[in-house]
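Protein chains: 2
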Amino acid sequence: MMRFSTLVRQPAAWMLPEGPHADIVISTRIRLARNLADRPFPGWAKKEERIASLNDLQPGVEGLADMADGFSADLTKLDPLQKQVLVERHLISREQAAKGPGSAAVINRAQNLSIMINEEDHLRMQAILPGFDLGRAYQMLDAVDTRLEATLPFAYHNEFGYLTACPTNLGTGLRASAMMHLPGLVLSEQINQVIHSANRIGLAVRGIYGEGTEALAHLFQVSNQNTLGEPEPEIISRLEKVIRQIIQREHDARQKLLQTNPTKVRDHLGRAYGVLRHAHTIETKEALNFLSMLRLGQDLALLNPGNRLLIDHLLVEIQPAHLQLAAKRKLSPEDRDTLRAELLRLHLRHLPEPESTPPTPPGETES
Amino acid sequence: MMRFSTLVRQPAAWMLPEGPHADIVISTRIRLARNLADRPFPGWAKKEERIASLNDLQPGVEGLADMADGFSADLTKLDPLQKQVLVERHLISREQAAKGPGSAAVINRAQNLSIMINEEDHLRMQAILPGFDLGRAYQMLDAVDTRLEATLPFAYHNEFGYLTACPTNLGTGLRASAMMHLPGLVLSEQINQVIHSANRIGLAVRGIYGEGTEALAHLFQVSNQNTLGEPEPEIISRLEKVIRQIIQREHDARQKLLQTNPTKVRDHLGRAYGVLRHAHTIETKEALNFLSMLRLGQDLALLNPGNRLLIDHLLVEIQPAHLQLAAKRKLSPEDRDTLRAELLRLHLRHLPEPESTPPTPPGETES
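Residue numbers (the working numbering), protein chains in the order written: chain U, 1 to 367; chain L, 1001 to 1367.
This is the structure:
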């Protein structure tokens, strides 16, 4: 299998600036929860029982064709920093990182498929792709699910569907989500309304880092709340429709901002660029927010878009565990802030300055 | 005489980065208050009496050799913006700008000598020079005083000395001051102690813009409080001694900051540079503070010092009246903030970026 150092040398697939609507949708994720019929759920299993479940599951998961040359490790074999790196890449959950003996993570080479063993459920499987690609993500994961189900006795109830440790996952065990970059809706103060509307039709909108309007980097996860009473394709198609609407609203908000308050947009962008290029100490929160502004600047053609890849990488690379991995040692928060600033200065030094004069607004011709 | 437009086209003498200790002392000012013996003080004179005093005084003041080809205007002949420009250049006081008929300002060509007629006293004369130059400023002003006294009957009491409208100016009528740039003492949190010590020996230390530790741009005016009971040279020599001590403390504070916390200094400088180079809207307060950091960066050789002239000019040019003068019209606060940012981007675009690696601290040799 693949070594941890090999895995982290490459970005996860979703960190690449690819896929449909990559300007607004950073990544799409499908997750399925499955449990063995003949083993207690991990939360109330004894250590020996968890290890027994792991032994039942790990060979089949590692043996999947998708996992060839992938990464696999018992959580006890990873140090806290390594686990935190996987969390920052969204390849394992924060909860899984805290688990002891009997838990494991299996990740494919492209880092777009990851399977946690003995998290809250016996199996938490996810496909995570760059851009807005719910259909393909579901297809990938459904194929994995089918292959595993051929050999593993999954707990299934004729009326309720798949049984899960927490009733909120009962039925399909499916959670579909998109990580969306919504600076337009935040800056134009429409985000609360969008969150509220989505909630009313059973969808959740949460800040990826931080909550509500305090969400850092203007990044939000939009996901389904219900897993029961609807077939999987219907859950996905309803979510897809709403995300398309949010994409459109975000597009409109950006164009409107640029037309009605270009100075505000250019000021936010300029200050973000200026500070990221020249600060000597910077906290994660500030760096995320400023990188988000550069991303917006690129989308609005106010900033050279050549380096989209760089910005999306940096959003992950400046986080605490990735920083310490790069430094090859544990760092104090102060040292992290200094190293983060250094990394940003180094990587952004060749990023061309924002345009100083406004571009022609769409629909108008130059005179 | 000189036109207003000619006057403002040139910087005032004190805005030039010249004179002794120009890195820490921006300007030195000596002011004398004098009154006619046979006219009521301006504050309780009727309009006709103020005009009569003005008629007594103006020809003599305009006729001084120092004022040849200078600027002279009744305050009623200047519009509010023009008066505000003179205030921002420290050539007339805020109080004088608010005066009506019977008040005038006479300013020499180099803008290092200005005489206000009918401010609080009949005559408020000042010499203002770049750098730390109390002796020369006093010499200049003393000569003017002597020449005027030869023809004008100044109110003088054998015991008290020169009589003034406010008793705090009684005696010599002399106020000597230095405008000092003290970022080292502010950032190392020593400024309050310096202010306190100076107060105890009868000197005042005040923020030029804003008060106390809230002083903007780290600019402070150090001046004598007492005008009575001491000959002029003694007042000046005592002030001079204290200012020399403050200069030394500021030097020490800067070096210590750079040695003990170079990251903090470089971070402040980098952020100031980044924002000034790239903001699209900026308030006076923020701009002053950031320009102050650039000035410090130049003194510490962290920033190319070639453009010292530019920074010192900008400290005045970004102020509201100067901005509106440049725009040739009255501007809303929002428009001023936009224009200020534009002016800063334009002027600082060729200022080389701050060094990214620390210079060798003084006293150490490179290995």
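Don't be surprised by glycine CBs; every beta carbon is placed ideally from N, CA and C.
Spatial neighbours of Gly1184(L) within its chain, please: C-beta separation below 7 Å, excluding the five flanking residues on both sides. If you number the second sequence from 1, residue 1184(L) lands on position 184. Excluding positions up to five away in sequence, the list reads Glu1250, Ala1253, Arg1254 and Leu1257.
Start and end of the beta strand (DSSP E) containing Asp74(U)? As a first step, residue 74(U) must be located in the first sequence, where it is residue number 74. It spans Phe71 to Asp74 - the beta strand (DSSP E) in which Asp74(U) sits, taken as one unbroken run.
Going straight from the alpha carbon of Lys99(U) to that of Thr168(U), what length do you get? In the first sequence, the residue the question calls residue 99(U) occupies position 99. In the first sequence, the residue the question calls residue 168(U) occupies position 168. Looking at the two C-alpha atoms, the distance is approximately 21 Å.
Could you work out which residues of chain L lie near Thr281(U), taking near to mean beta carbons separated by less than 7 Å? Here the question's residue 281(U) lines up with position 281 in the first sequence. Per Cβ cutoff of 7 Å: Thr1263 and Asp1267.
Residue-level contact to chain L via CB, Gly274(U), 8 Å cutoff: In the first sequence, residue 274(U) corresponds to position 274, counting from 1. At least one chain L Cβ lies under 8 Å of Gly274(U).
Rounded to a whole number of angstroms, what is the C-alpha to C-alpha distance between Glu1120(L) and Ala341(U)? Along the second sequence, one-based indexing puts residue 1120(L) at 120. Along the first sequence, one-based indexing puts residue 341(U) at 341. Distance between the alpha carbons of Glu1120(L) and Ala341(U) is about 53 Å.
If you reduce the DSSP assignment to three classes, tell me which class Leu351(U) lands in. To locate residue 351(U), count along the first sequence from 1; it is residue 351. Looking at Leu351(U) - three-state DSSP - the assignment turns out to be coil, as it is neither helix nor strand.
Since Thr1338(L) meets chain U, which of its residues come closer than 8 Å, beta carbon to beta carbon? Residue numbering aside, residue 1338(L) sits at position 338 when the second sequence is read from its first letter. Within 8 Å Cβ-Cβ: Thr263.
What did DSSP end up calling Asn1452(L) once you bin it into helix, strand or coil? Residue 1452(L) lies beyond the range of chain L shown here (1001 to 1367); nothing can be said about it.
Quick test of the definition: if touching needs 3 or more C-beta pairs under 8 Å, does the segment 1004-1021 of chain L touch the segment 1079-1091 of chain L? With the cut-off at 8 Å, the segment 1004-1021 of chain L and the segment 1079-1091 of chain L touch.
Can you have a look at Phe160(U) and say buried or exposed, based on whether 16 or more other CB atoms are within 10 angstroms of its CB? Against the first sequence, residue 160(U) aligns to sequence position 160. By the 10 Å Cβ count, Phe160(U) comes out exposed.
Supposed close pair Arg39(U), Ala52(U) - CB separation, criterion 8 Å: Counting from 1 along the first sequence, the entry for residue 39(U) is found at position 39. Counting from 1 along the first sequence, the entry for residue 52(U) is found at position 52. Yes, Arg39(U) and Ala52(U) are in contact; Cβ-Cβ is about 7 Å, under 8 Å.
Got a sec? Which residues, its chain only, sit under 8 Å from Thr1365(L) by beta carbon, not counting five neighbours each side? On the second sequence, residue 1365(L) is found 365 positions in, with the first residue counted as 1. Residue placement at Thr1365(L) is poorly supported in this model, since its pLDDT is 42, which falls under 50; the coordinates are not used for a value here.
Cβ neighbours of Tyr156(U) in the same chain (closer than 8 Å, five flanking residues each side left out): As a first step, residue 156(U) must be located in the first sequence, where it is residue number 156. Answer for Tyr156(U): Ala37, Tyr162 and Leu163, listed in chain order.
Within 8 Å (strictly less), CB to CB, does Thr360(U) reach chain L? Working through the first sequence from its first residue, we reach residue 360(U) at position 360. Caution applies to Thr360(U), whose pLDDT of 46 falls short of 50 and renders its modelled position unreliable; the model cannot decide the point.
Same chain, Cβ closer than 7 Å to Glu1062(L), five either side skipped, listed in chain order: Indexing the second sequence from 1 puts residue 1062(L) at position 62. Result list for Glu1062(L): Ser1072 and Val1106, in chain order.
Which parts of the segment 1166-1219 of chain L are runs of the beta strand (DSSP E), unbroken and 3 residues or longer, counting only runs that do not cross its ends? 1174-1181 and 1203-1207
Counterpart residues of Pro1130(L) in DSSP-defined beta bridges: As a working note, residue 1130(L) is residue 130 in the second sequence. Partner(s): Ser1027(L).
Is it true that the CB of Asp1267(L) sits closer than 8 Å to the CB of Ala279(U)? On the first sequence, residue 279(U) is found 279 positions in, with the first residue counted as 1. On the second sequence, residue 1267(L) is found 267 positions in, with the first residue counted as 1. Yes, the pair counts as a contact, with Cβ atoms nearer than the cut-off.
Closest Cα partner of Thr28(U) within the set Gly135(U), Asn307(U), Lys285(U) and Ala198(U): Reading the first sequence from its first residue, position 28 is the one you call residue 28(U). Minimum Cα-Cα distance from Thr28(U) among the listed residues Gly135(U), Asn307(U), Lys285(U) and Ala198(U) corresponds to Gly135(U).
Does any CB atom of chain L fall closer than 8 Å to the CB of Pro130(U)? Taking the first sequence and counting its residues from 1, the one referred to as residue 130(U) is at position 130. For Pro130(U), the answer is no, since every Cβ of chain L falls outside 8 Å of its Cβ.
At least 3 beta-carbon pairs within less than 8 Å: the segment 345-355 of chain U vs the segment 1289-1299 of chain L: no
From Asn118(U) to Gly60(U), what does the alpha carbon distance come to, in whole angstroms? Within the first sequence, numbered from 1, the residue matching residue 118(U) stands at position 118. Within the first sequence, numbered from 1, the residue matching residue 60(U) stands at position 60. Here the alpha carbons of Gly60(U) and Asn118(U) stand approximately 14 Å from one another.
Simplified DSSP assignment, three categories, for Met1125(L): Walking along the second sequence from the start, residue 1125(L) turns up at place 125. In the structure shown, Met1125(L) sits in a strand (DSSP, three-state: E or B).
Flag this pair as yes or no: are the beta carbons of Val1316(L) and Met1015(L) separated by less than 8 Å? On the second sequence, residue 1316(L) is found 316 positions in, with the first residue counted as 1. On the second sequence, residue 1015(L) is found 15 positions in, with the first residue counted as 1. The answer is yes: Cβ separation under 8 Å.
Please confirm whether Ala1178(L) and Val1222(L) have their CB atoms less than 8 Å apart. For this step, residue 1178(L) is matched to residue 178 along the second sequence. For this step, residue 1222(L) is matched to residue 222 along the second sequence. Yes, they are a contact pair.
To the nearest angstrom, how far is the alpha carbon of Thr172(U) from that of Glu48(U)? As a working mapping, residue 172(U) is identified with position 172 in the first sequence. As a working mapping, residue 48(U) is identified with position 48 in the first sequence. Roughly 29 Å between the two C-alpha positions.
What separation, rounded to the nearest whole angstrom, lies between the Cα atoms of Pro1362(L) and Leu1343(L)? Along the second sequence, read from residue 1 onward, the residue named residue 1362(L) stands at position 362. Along the second sequence, read from residue 1 onward, the residue named residue 1343(L) stands at position 343. Low local confidence applies: a pLDDT of 44 at Pro1362(L) is under 50, so the model's placement there is unreliable, and no value is given.
Could you check whether the Cβ of Arg1277(L) sits closer than 8 Å to any Cβ belonging to chain U? What you label residue 1277(L) is simply residue 277 of the second sequence in a count that begins at 1. Answer yes: the Cβ-Cβ gap between Arg1277(L) and chain U drops below 8 Å somewhere.
Same chain only: Cβ atoms within 6 Å of Met1140(L), ignoring 5 sequence neighbours per side: Taking the first residue of the second sequence as 1, we reach residue 1140(L) at position 140. These residues qualify, in order along the chain: Ala1127.
Since Arg1271(L) meets chain U, which of its residues come closer than 7 Å, beta carbon to beta carbon? Counting from one through the second sequence, the residue named residue 1271(L) turns up at place 271. Neighbours of Arg1271(L) on chain U, chain order: Val275, His278 and Ala279.
Exposed or buried, Asn199(U), counting other C-beta atoms within 10 Å across all chains shown (16 or more means buried)? For the purposes of this step, residue 199(U) is taken as residue 199 along the first sequence, with counting starting at 1. Label assigned to Asn199(U): exposed.
To the nearest angstrom, how far is it from the Cα of Leu1325(L) to the Cα of Ile1318(L)? Stepping through the second sequence from its first residue, residue 1325(L) is reached at position 325. Stepping through the second sequence from its first residue, residue 1318(L) is reached at position 318. Rounded to whole angstroms, Leu1325(L) to Ile1318(L) spans 11 Å at the Cα level.
If you count every other CB in all the chains shown that lies within 10 Å of the CB of Asp66(U), and 16 or more means buried, which is it? Taking the first sequence and counting its residues from 1, the one referred to as residue 66(U) is at position 66. So Asp66(U) ends up on the buried side.
Within-8 Å CB hit, Pro1354(L) to chain U: The residue given as residue 1354(L) occupies position 354 in the second sequence. Under the Cβ distance rule, Pro1354(L) counts among the residues neighbouring chain U, one pair being separated by less than 8 Å.
Taking the Cβ atom as the reference point for each residue, do Leu64(U) and Val144(U) lie within a distance shorter than 8 Å? Within the first sequence, numbered from 1, the residue matching residue 64(U) stands at position 64. Within the first sequence, numbered from 1, the residue matching residue 144(U) stands at position 144. It is a contact, given that the beta carbons lie within the stated cut-off.
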